[in-house]
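Notes follow once the structure below has been shown.
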Amino acid sequence: AARAQLAVFLTDVPGVLDDAGSIVPYLTPEDVSMLIDSGTIKGGMIPKVAACLAALDHGAAAVCIADGRETETLSFLVTGGEPRGTVISKQRHAGSTAG
Numbered sequence: 018a019a020r021a022q023l024a025v026f027l028t029d030v031p032g033v034l035d036d037a038g039s040i041v042p043y044l045t046p047e048d049v050s051m052l053i054d055s056g057t058i059k060g061g062m063i064p065k066v067a068a069c070l071a072a073l074d075h076g077a078a079a080v081c082i083a084d085g086r087e088t089e090t091l092s093f094l095v096t097g098g099e100p101r102g103t104v105i106s107k108q109r110h111a112g113s114t115a116g
């Protein structure tokens, strides 16, 4: 079975936001749990990150929550650009600022 390298969830927000309203570029499942527990991830973002965690559990290497309202978001990902929004993966990314 083929495994997705990057699953993308296009939504109406730029990604997971921290308490200051800035995009958190990289998270692990543990980071997601901590941010939910602290109340940073709340409301409609909870089912979004839950879907991301489910995708990881079902074999995706990483999942990106990105703003589908920006016309270049998906084309940027398809052409191999750095993901925009928040990438959630099981391994900590070198650029991660969480935790």
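Residue numbers (my numbering): 18 to 116.
Ideal placement from N, C-alpha and C gives every residue a C-beta, glycine not left out.
Note that this is a predicted model, so its numbers are computed, not measured.
Margin query: T103 and G38 - do their beta-carbons sit closer together than 7 Å?
Written below: For G38 and T103, no; Cβs fall outside 7 Å.
Check: Helix or strand or just coil, what does DSSP make of L23?
Finding: In the displayed model, L23 falls within coil according to three-state DSSP, outside both helix and strand.
Next item on the list: Hey, could you find the ends of the beta strand (DSSP E) V33 is sitting in?
Entry: It is not in any beta strand (DSSP E) - V33 carries neither H nor E in the DSSP assignment.
Notebook entry, point to check: Hey, how far is the Cα of P100 from the Cα of D74?
Noted result: If I take the Cα positions, the gap works out to 20 Å.
Check: Would DSSP call I63 helix, strand or coil?
Finding: Three-state result, I63: helix.
Note to self: With the cut-off set at 7 Å, would you say S57 and D36 are in Cβ contact?
What the structure shows: Note on residue identity: the sequence assigns Thr, not Ser, to residue 57. A distance below 7 Å separates the beta carbons of T57 and D36.
Notebook entry, point to check: In angstroms, rounded to a whole number, what distance separates the CA positions of A24 and A77?
Noted result: 6 Å
Check: Got a sec, what are the start and stop residues for the alpha helix (DSSP H) V49 sits in?
Finding: 46–55
Item checked: Strand pairing of A83, partner residues [DSSP] -> Answer is L27, bridged to A83.
Note to self: Quick check: what's the CA-CA separation for S55 versus V41?
What the structure shows: 15 Å
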